[in-house]
Amino acid sequence: MWGFHVQDLHALVVEDDPDISSALVETLEGAGFRVTSARDGRAAVDVAAADPPDLVTLDLTLPHMDGIEVCRRIRETSDCYIVIVSARSDEVDKLIGLEVGADDFVLKPFSPRELRARVAALFRRPRSAMGGEEAGSAPHVPSPSRPADEPTTISCGAGLVINSARREVQIDGTIVELTRIEYDVLEYLATHLSRVCTREEMVLSIWSSALTHDHHLVDVHVANLRGKLRRHSDATWIHTIRGIGYRMDREDQPQDRRAGGGPYLVARIDSEDWARGLDF
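Going by numbering that gives the first Met the number 0, the first residue of the sequence shown is number 0, and it counts up by one from there.
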């Protein structure tokens, strides 16, 4: 299933319920991970600092510090994979969890086979440069093969340049800080410039698993991506194709720049921009 060896990789299970914690530990140990568990938020942050994990499964309802804050703090210093495993099914919880850095969201009660498949899909995506350099035990997951003559730098106009070899994005020479998935979304759209990309194909390509049925994940990460690009430029590269997906166009001339296209932050879910950014 995995396509690489997971021995010596560290998984941190953050779960208050002892039965669910045991099930998660058993599932991940069965997949080959070395597993540590924490019962509350503060302990989870301490464990992650002392023994950096490659994977974190994280409940949202925890003593002392909730899962959202735990995710935020771990993400400040780590590029590990974070999967929220929670019974809280409200859309707001999913959106905020993804906004602060989670990679996926699994509802309780969870299927061990599905969880393993989702984790395997995450690890098949290349880690960012920071993750590969700092996490010495991280697996080497090669990027999808490229033709020898295919350039590693993509220019999208209006100063936006994507360096796929470095997994780095710049606007007018300034680096744009993106999460791993936000980068994957941007690179996918940029390699299909001027073509409509459906949510379904983006899910299958970026998450690498047909088990990730929640196409809403694409909307969330596109919205986050748009907000971060807007902090550096008023250009609009990514356009919503109502009911289908997204299209990315070059922005060569300032007069071609249009307003709109998504919210600044996912947390502002009551804004009109947010509603427009999630056209179905």
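Ideal Cβ positions, reconstructed from N, Cα and C, are used throughout, including at glycine.
Bear in mind the structure is a predicted one, so any value in this text is a computation, not a measurement.
Ranked by Cα distance from V13, the options T60, L228, A30, I161 are led by T60.
With respect to the 8 Å criterion, V46 and L11 are classified as neighbours on the basis of their beta carbons.
Your pair D50 and T35 checks out as a contact, with CB atoms roughly 6 Å apart and the cut at 8 Å. When Cβ pairs closer than 8 Å are counted between the two stretches, the region 187-198 is seen to touch the region 239-246, the count reaching three or more. Put simply, of G66, D16, A234 the residue whose alpha carbon is nearest the alpha carbon of L159 is A234. Taking 8 Å as the cut-off, the beta carbon of S77 is found no closer than this to the beta carbon of L106.
Closest by C-alpha distance to H9, out of M64, A22, R33, is R33. The continuous beta strand (DSSP E) containing A10 extends over residues 9-13.
Shown here, G244 sits in a strand according to DSSP, grouped into three states. In terms of Cα proximity to L121, the closest of K227, W236, I180, V195 is I180.
With fewer than 16 other Cβ atoms from the protein chains shown falling within 10 Å of its own Cβ, P108 counts as exposed. The beta carbons of G96 and I67 sit closer together than 8 Å.
Taking all protein chains in view, the Cβ of S20 is crowded by 16 or more other Cβ atoms within 10 Å, so the residue is classified as buried. Under a 10 Å Cβ-count criterion, R241 is classified as exposed, with fewer than 16 other Cβ atoms of the shown protein chains found around its own Cβ. The three-state reading of DSSP puts F32 in coil, since its state is none of H, G, I, E or B.
If you compare the alpha carbons of A157, E75, D92, R117 with that of L203, the shortest gap goes to R117. Considering only I83, M64, E186, the residue with the shortest C-alpha distance to L23 is I83. In the DSSP assignment, E186 falls within the unbroken alpha helix (DSSP H) covering 179-189. In the three-state scheme derived from DSSP, where H, G and I count as helix and E and B as strand, F104 is classed as strand. V219 has its alpha-carbon roughly 29 Å from the corresponding atom of A42. Scanning its chain for C-beta atoms nearer than 8 Å, with the 5 sequence neighbours on each side dropped, one finds around D16 the residues D58, in chain order. When only Cα atoms are considered, I161 and L185 end up about 9 Å apart.
Leaving aside the five residues that flank V99 on each side, the residues in its chain whose CB is nearer than 7 Å to its CB run, in chain order, I67, C70, R71, R74. Taking C-beta separations shorter than 7 Å and ignoring five residues to either side along the sequence, the partners of K93 in its chain run F104, following chain order.
Restricting attention to D65, H63, Y80, the CA atom closest to the CA of T56 is found in Y80.
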